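In the numbering used here, the protein residues as written are 293 to 385.
Quick reminder that beta carbons are idealized off the backbone N, C-alpha and C, glycines included.
All of these numbers come straight from a predicted model, not from anything done at the bench.
Everything on this sheet refers to the single structure shown next.
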């Protein structure tokens, strides 16, 4: 995965998870460097694109919840886990 995409996802996770103190910097950086895939990155960015296109349908807290769910489930390698953001991959570009 290219570094530009990693940086974009890291910025999103800082905005919605680290800045409001929902998650640590270490956890976000570790996730981006060790667990982030192209599909997840596109889903995360797609979710924010969807939010920006439909501001009356989704709020910042909704993104925080979704990103937190996906980040924790992937890091913990939960059995039968499905990332919520994958649905928004179609809004990537």
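Asked                                                                                                                                         : Found
Cutting at 7 Å between CB atoms, please list the residues of its own chain near residue 360, excluding the five before and the five after it. : 309, 314, 315
Would you report the Cα separation of residue 295 and residue 369, rounded to the nearest angstrom?                                           : 24 Å
So, under 8 Å CB-CB, residue 335 and residue 377 are touching, yes? Tell me the CB distance rounded to an integer number of Å.                : 3 Å
Are the C-beta atoms of residue 384 and some chain C residue less than 9 Å apart?                                                             : Checking the listed chains, one finds no chain C in this structure; it contains a single protein chain.
Let me make sure I understand the geometry here. Which of 344, 299, 346, 354 has the alpha-carbon closest to that of residue 324?             : 299
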